[in-house]
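Just so you know, the sequence shown maps onto residues 1 to 186 in the UniProt record's numbering. To start, the structure under review is shown below, and the notes come after it.
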Amino acid sequence: MYVAIRSNPFHERGIFEDPILPDGISLLEGAMVDWQPSGPLIFRSNCDKDHPPRPYMGGALPVWSETLLRTFRGLGIDNIQAFPATIVTEDAAVSWTNYFAINVIGLVDAADLSASTYTKIDTAASGVPRLRFTKLVIDLAKAADLPLFRLAHSPLTLVLQARLVDALRAIPMPGGWGMAFDELGT
Numbered sequence: 001m002y003v004a005i006r007s008n009p010f011h012e013r014g015i016f017e018d019p020i021l022p023d024g025i026s027l028l029e030g031a032m033v034d035w036q037p038s039g040p041l042i043f044r045s046n047c048d049k050d051h052p053p054r055p056y057m058g059g060a061l062p063v064w065s066e067t068l069l070r071t072f073r074g075l076g077i078d079n080i081q082a083f084p085a086t087i088v089t090e091d092a093a094v095s096w097t098n099y100f101a102i103n104v105i106g107l108v109d110a111a112d113l114s115a116s117t118y119t120k121i122d123t124a125a126s127g128v129p130r131l132r133f134t135k136l137v138i139d140l141a142k143a144a145d146l147p148l149f150r151l152a153h154s155p156l157t158l159v160l161q162a163r164l165v166d167a168l169r170a171i172p173m174p175g176g177w178g179m180a181f182d183e184l185g186t
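Take a look at the structure:
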């Protein structure tokens, strides 16, 4: 079974501005990038010293704490690139440096389109239609037991094996991991 993961929408604090990446560099397409930034990627947030960032932050471009990155790697997720990131307050007076912008490698055509409900948005340069799902069903054969991937028809969607959610929930994290999980059909 799989879930879609995202930043928990019930938290009042979050990232509101991602860094601008160089032309030709995308961390949203599921492909390995051959790039080393000259310094940490800066993400602006409405966090403050009394409300620091959670382990999972960001939207389409996930930003993970060092603890979450180590935890996911320890659970067997190895199809990621991690780029040093700093989360700053709106006025940049306070910053948190133990974060990483995450490039999830793997754009997988795992949606069971005959069982899913969706609206076509447009067509990617690759010819794959981009879809907005109201009901997403994963084809387990196409998912090939991958622990984490981006969905080919909706690259902003991160899909995670449910067993890893159970493993995360078993690891104590004060205040939680900062993630919401949307169960997907199979």
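C-beta atoms are modelled at their ideal positions from N, C-alpha and C, and glycine is treated no differently. Predicted model, so just to flag it, every value in this text is computed and none were measured.
Counting along the chain, the unbroken alpha helix (DSSP H) around Ala162 starts and ends at Ala162 to Arg169. In the structure shown, Gly74 falls within a helical segment according to DSSP collapsed to helix, strand and coil.
For Asp48, the closest alpha carbon among the candidates Glu12, Asp78, Val3 and Tyr2 is that of Glu12.
Buried is the label assigned to Phe149, since at least 16 other Cβ atoms lie within 10 Å of its Cβ. No residue range can be given for Lys49, since it is assigned to no alpha helix (DSSP H) and is classified by DSSP as neither H nor E. It is roughly 35 Å from the alpha-carbon of Pro172 to the alpha-carbon of Asp34. The count of Cβ pairs closer than 8 Å, one atom from the stretch 65-79 and one from the stretch 113-132, stays below three, leaving the stretches out of contact. Two segments are said to touch when three or more pairs of C-beta atoms, one from each, lie closer than 8 Å; by this definition the stretch 122-141 does not touch the stretch 86-98.
Around the Cβ of Thr157, a 10 Å sphere holds 16 or more other Cβ atoms; the residue is buried. Rounded to whole angstroms, Leu140 and Gly176 show a C-alpha spacing of 29 Å. Judged by DSSP in its simplified three-state form, Leu69 adopts helix. In terms of CA proximity to Asn103, Ile25 leads the group Arg44, Asp145, Arg130 and Ile25. Assigned with DSSP and collapsed to three states, Leu140 falls in helix. It is roughly 12 Å from the alpha-carbon of Ala111 to the alpha-carbon of Ala144.
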